[in-house]
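Okay, structure first, notes after.
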Amino acid sequence: MEVFHGDDEEGQSSTTPVRPAPNTSDNSEKVHGAPEAAATRLADEIRHRRNQAGMSQPELARLIGYTRQYVSHAERPQTNLPSLELVRALDKTLKAGGLLLELREVARQERHGRRDKTTPPDTSGNADHISEDHSDDVLPPQHVRASQEEWLRVRNAPGVRGRELTELAAWLYPESDRAAGGHVLADSHWLLEEPVELDSVKLRWDQDAAPYALPEAAPIDGLLPLRDEDNRYTDYSRAVRDLVRPRLLENRLSYRLTGVHGEADGTLALRFGRTTFFEVFNVKQMVAHEFKKAWLLSGRQIPGFEMLPLRAAIGNPFDPARLLMSPGINTLTIRRGSPGEGASFVLHERDGGKVADGGGLCHVMPAGEFQPSSSASVDIANDFSLWRNIMREFSEEFLGNPEHDGCNPNSIDYENSEPFARFELARDRGTLRMWHYGLVVEPLELGALQLTVAVLDAPEFDRLFANMVSTNDEGSVIGKGGTKRIPFTEEAINRLEPRLTASALTLLRLAWRDRAALLRY
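Residue numbers (this note's numbering): -14 to 506.
Written out as structure tokens, the structure is:
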């Protein structure tokens, strides 16, 4: 996964943008010298056995229940060994008879022997790729364990996996700051009165955006636990890596919202600069953690701003100068049947065992971050498009294609490569139409989101998504009557309301209100 480190790609002497060579660096800290022999043998053996079995990385990943990125990293020798659980799954699936496990154990011993001699402990508080072996962690002191256990208790507070805390956090803000229904926040010109064509939303590049910094009055020490070394974490994502240990958490360049402007024609102009996924993740997670902590301390009552100093220091949740935002794109996908058949939509249920938050809730599909496919200059420009980001999410979430994560040496040719060429053709002939409702803010994390709608004529939907997957890395598609779709009716929305995320419920209500304009029967 490409990780943005700065402006190294800018100012090339050539007039043609240059992409970095593929896979020349794994963005991990390196032990002095070459990787251990056993680690190299392990990576080679995994790759050899996969090729011998005639499987691609995505195919193997699906069989073992991991993402392709995990298989890819396991096949490249790195400082951080693949986890014991991953190697065990690979050994079983590839019928290695324990060889991969033996190689990993030898590599682990070699790694620790070398690290003890050459490598100081990592105290940077930053991680570009989060996926590493924790099998030999030394038990930290009791007061450190207590700090970490309390942090985890707050993070996993009751109500965090439902919509309860999001709804309560919305009540901190005046009614004028809440969208219809009160589930999400929206500034007066952020959420549009009616949907507009996606291409009417203007994107502008903000080359001179100043780096973001939390407001000076924002205290964060109480939101971060102690490290095993008895010093406090300075980075929430690092704490998640060490204590939550998710399957995959990666840093990537993202587009940072720096301005929202309502246009005279009723559309929007959005200004963007650069940020990274971890920068935004850290702010959102600390804001949410603060609310959970205050909610528990107040006896599960809605806390006041005096108990939420970070949120209070941020103040206006619609000011990009005070709140770091990278608005992801949530797309409600509607299959437009004949007037007699009616319409249906796609819904995704998040698996509580795979995601940190929102487990058991249903969300529109596809949904993803607004970010380029890599940190190369050519891709930052090539992918600076809402439609191209949505196409990539359709490719990944609907069709199960590998994530476009910068591993490919070439930029994406959206006009000629599949499935993007088919998506483009469908839009050109009007059988796939895209709409934009503007932006909202999720109240618990103060995370900005863009709400969009894709409407596909039934034959086009059936052609494009004939091989639509049932599950992905975060959960499964739910449907009715043996299909992977839900009837687009008011009754269905009402029945699903308790299971929907706040933004999904808001988007569905808006789309139902405007169904005549969206469906154009």
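Where is the CB? At the ideal position from N, CA and C, for every residue including glycine.
Since this is a predicted model, take the numbers as computed values, not measurements.
- Taking G423 as the centre and dropping the five residues before and after it, the same chain places the C-beta of W175, L176, L177, L253 and L436 closer than 7 angstroms to its C-beta, in chain order.
- About 7 angstroms separates the CB atoms of L150 and W280; that is less than 8 angstroms, so the two are in contact.
- Remark: C-beta atoms of M292 and L208 do not approach each other more closely than 9 angstroms.
- With contacts defined as CB atoms closer than 9 angstroms, I319 and F473 qualify as a contacting pair.
- When C-alpha distances from R335 are compared across P62, P126 and T486, the shortest belongs to T486.
- Considering only R140, A489, G247 and A224, the residue with the shortest C-alpha distance to L332 is A489.
- For R373, the CB contacts under 6 angstroms within the same chain, skipping 5 residues up- and downstream, are Y399 in chain order.
- The distance from the Cβ of A155 to that of L137 is about 25 angstroms, inconsistent with a contact at the 8 angstroms cut-off.
- Each residue's CA atom was taken as its position, placing G284 and E326 some 50 angstroms apart.
- Contact annotation, E152 with H128: C-beta distance approximately 36 angstroms; criterion of less than 8 angstroms not satisfied.
- Q133 and F379 have their C-alpha atoms some 38 angstroms from each other.
- Collapsing the DSSP output to three states places R189 in a strand.
- Considering only Q37, P444 and S402, the residue with the shortest C-alpha distance to T416 is P444.
- S311 counts as buried, since no fewer than 16 other beta carbons sit within 10 angstroms of its beta carbon.
- Under the three-state reduction of DSSP, M350 is assigned to coil, being neither helix nor strand.
- Annotation: A224 to Y218 spans about 7 angstroms, alpha carbon to alpha carbon.
- Taken through DSSP and simplified to helix, strand or coil, G325 comes out as coil.
- Annotated as proximal: A81 and R34, with beta-carbon spacing under 9 angstroms.
- In the structure shown, R259 falls within a strand segment according to DSSP collapsed to helix, strand and coil.
- Spanning the alpha carbons of D250 and D191 requires a straight line of approximately 22 angstroms.
- Distances from the alpha-carbon of E482 to those of N452, Q94 and R148 put R148 closest.
- Here D442 is bridged, per DSSP, to R321.
- Comparing alpha-carbon positions, the option among F276, N401 and R259 lying closest to S359 turns out to be R259.
- Contact annotation: V139 and K277 have beta-carbon atoms nearer than 9 angstroms.
- The three-state secondary structure of F405, taken from DSSP, is helix.
- Residue burial annotation: Q94 is exposed, with fewer than 16 other C-beta atoms found within 10 angstroms of its C-beta.
- Distance between P62 and A92, taken at the CA atoms: about 10 angstroms.
- Nearest C-alpha to N141 among A165, A273 and E388: A273.
- Partner residues in the beta bridge of M419, as assigned by DSSP, are A439.
- By the criterion of a C-beta distance shorter than 6 angstroms, L45 is surrounded in its chain by R35 and V56, once the five residues flanking it on both sides are discounted.
- The C-beta of Q42 has 16 or more other C-beta atoms within 10 Å across all chains shown, which makes the residue buried.
- For V245, the enclosing beta strand (DSSP E) starts and ends at L238 to G247.
- The alpha-carbon separation between A131 and V229 amounts to approximately 15 angstroms.
- Distance check between E382 and each of L410, H421 and L317 places L317 closest, using alpha-carbon atoms only.
- Around the beta carbon of F290, a 10 Å sphere encloses fewer than 16 other beta carbons of the protein chains shown; the residue is thus reported as exposed.
- N301 counts as exposed, since fewer than 16 other beta carbons sit within 10 angstroms of its beta carbon.
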